[in-house]
Amino acid sequence: MKAFKRVILFIGLTLLLLLGILFYINLREEREPLPEVNASYGNEPDYRQREWWQSTAVYQVYPRSFQDSDGDGIGDIAGIISRLDYIRELGFETIWFSPFFKSPQQDFGYDVSDYYQADPEYGDSVLVDSLIREIHRRDMKIT
């Protein structure tokens, strides 16, 4: 067993010595400096100027539970409109709505049956138009 340990020690020291010699030789060689690389190709975007969606704060609204305006216990579009100033005062510039389209409500509104109508629980198309107008009047965006 002692002989085996000596062989392992000898191999380890030999490798260490060899690495040291190679490192020393590598340091002594004179090398040409690397050429400067101009990484600008002239057509890449200026990343300091961001698109609006790269720097906006987004507030997600789940209409069903956000704000009830008529006392039926279900949030609605009129309730959202009444809280737009609050959302803006918090510093949000963009609103992301969970679905409020017409739905059989088997999946909390995510099972949309008509993308052209608001679910009657939340309001009608006139209220949706009003919501969009009010959001834009406050210089906010919708996603």
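Count the sequence shown with this note's numbering and you get residues 103 to 245, in order.
Note that beta-carbon positions come from the ideal geometry of N, C-alpha and C, so glycine has one too.
1. What did DSSP end up calling Asp246 once you bin it into helix, strand or coil?
2. Less than 8 Å between the C-beta atoms of Phe199 and Gly211, yes or no?
3. Check each candidate in Thr116, Glu134, Ile237, Phe112 and name the one with the smallest Cα separation from Glu191.
4. Please determine, among Thr196, Ser205, Leu121, the residue with the shortest C-alpha to C-alpha distance to Asp241.
5. Within 10 angstroms of the Cβ of Val163, are there 16 or more other Cβ atoms? Answer buried if so, exposed if not.
6. Between which two residues does the alpha helix (DSSP H) harbouring Tyr224 extend?
7. Using the Cα positions of Asp178 and Asp231, report the straight-line distance between them to the nearest angstrom.
8. Thinking just about the alpha-carbon of each residue, which of Leu186, Pro137, Ile110 is nearest to the one in Lys243?
9. Around the C-beta of Val221, are 16 or more other C-beta atoms found within 10 angstroms, so that it is buried, or is it exposed?
10. Determine the closest residue to Thr245 out of Ser227, Thr158, Gly193, with distance taken between C-alpha atoms.
11. Which residue marks the beginning of the alpha helix (DSSP H) containing Tyr188, and which one marks its end?
12. Quick check on Tyr161: does DSSP put it in helix, strand or coil?
13. So the candidates are Leu117, Ile183, Ile189, Ser227; which of them puts its Cα closest to the Cα of Lys204?
The short version:
1. This structure gives no information on residue 246, because the portion of the chain shown stretches from 103 to 245.
2. no
3. Ile237
4. Thr196
5. buried
6. From DSSP, Tyr224 is part of no alpha helix (DSSP H); its letter is neither H nor E.
7. 14 Å
8. Leu186
9. In the sequence on display, residue 221 carries Asp and not Val. Buried is the call here.
10. Thr158
11. 186-191
12. strand
13. Ser227
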